[in-house]
Amino acid sequence: MPRIRHTTLACSPGCTVEATLELFGGKWKALILYHLFEDGVLRFGELRRRLPNVTQRMLTNQLRELEADGLVSRTVFPEVPPHVEYALTELGKTLKPVIQALKKWGDRYAHPVQRDKAGDRD
Numbered sequence: 277m278p279r280i281r282h283t284t285l286a287c288s289p290g291c292t293v294e295a296t297l298e299l300f301g302g303k304w305k306a307l308i309l310y311h312l313f314e315d316g317v318l319r320f321g322e323l324r325r326r327l328p329n330v331t332q333r334m335l336t337n338q339l340r341e342l343e344a345d346g347l348v349s350r351t352v353f354p355e356v357p358p359h360v361e362y363a364l365t366e367l368g369k370t371l372k373p374v375i376q377a378l379k380k381w382g383d384r385y386a387h388p389v390q391r392d393k394a395g396d397r398d
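Read in my numbering, the sequence shown has 289 at position 13, and its numbers run on one by one without any break.
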């Protein structure tokens with residue numbers, strides 16, 4: 277399914293929030309950004325190890341979308357085997373306070389919510 281892109285951000289008062297969430301929404305993009313904030317430059321295999329539950333195809337797609345949105349840069353080194361590194365762009369770095377706020381909120385509130393959900397299954 278193709279991603280819906282906003283051509284104008286004047287559609288509603290919350291539309292810029294929706295547009296921002298589209299940039300790093302989903303299960304893996306925020307985690308990719310988080311690891312790039314923590315570690316700086318990472319190779320594809322290093323990202324895979326940090327995100328063991330993501331498939332190679334999904335990680336590739338998420339990285340391509342982040343690159344297309346200008347948040348992540350991809351550098352290919354001409355060697356055998358291929359060496360590809362991913363890093364945050366200047367625009368991507370501006371999301372650091374947002375990702376940090378998500379982590380801080382998750383550290384404080386997400387774990388009790390997960391425990392409560394697990395308790396509902398008993």
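For every residue, glycine included, the Cβ atom is placed at its ideal position computed from N, Cα and C.
Non-local C-beta neighbours of L327 in its own chain, meaning closer than 7 Å and more than five positions away in sequence, comprise W304, L307 and L335, ordered along the chain. Proximity of the region 309 to 317 to the region 366 to 379 meets the contact definition, three or more beta-carbon pairs being nearer than 8 Å.
With contacts defined as CB atoms closer than 8 Å, A363 and G316 qualify as a contacting pair.
The region 321 to 361 is shown to contain whole alpha helix (DSSP H) runs of 4 or more residues at 332 to 344, in chain order.
The beta carbon of V352 lies closer than 6 Å to those of V360 in the same chain, with the five residues before and after it left out. Under DSSP, A363 forms a beta bridge with S349. Counted as a single uninterrupted DSSP element, the alpha helix (DSSP H) harbouring K372 occupies residues K372 to W381. Listed in chain order, the non-local C-beta contacts of R319 below 8 Å within the same chain comprise H359, V360, E361 and Y362, local neighbours out to five positions each way being set aside.
Among the bridge pairs identified by DSSP, L318 is matched with Y362.
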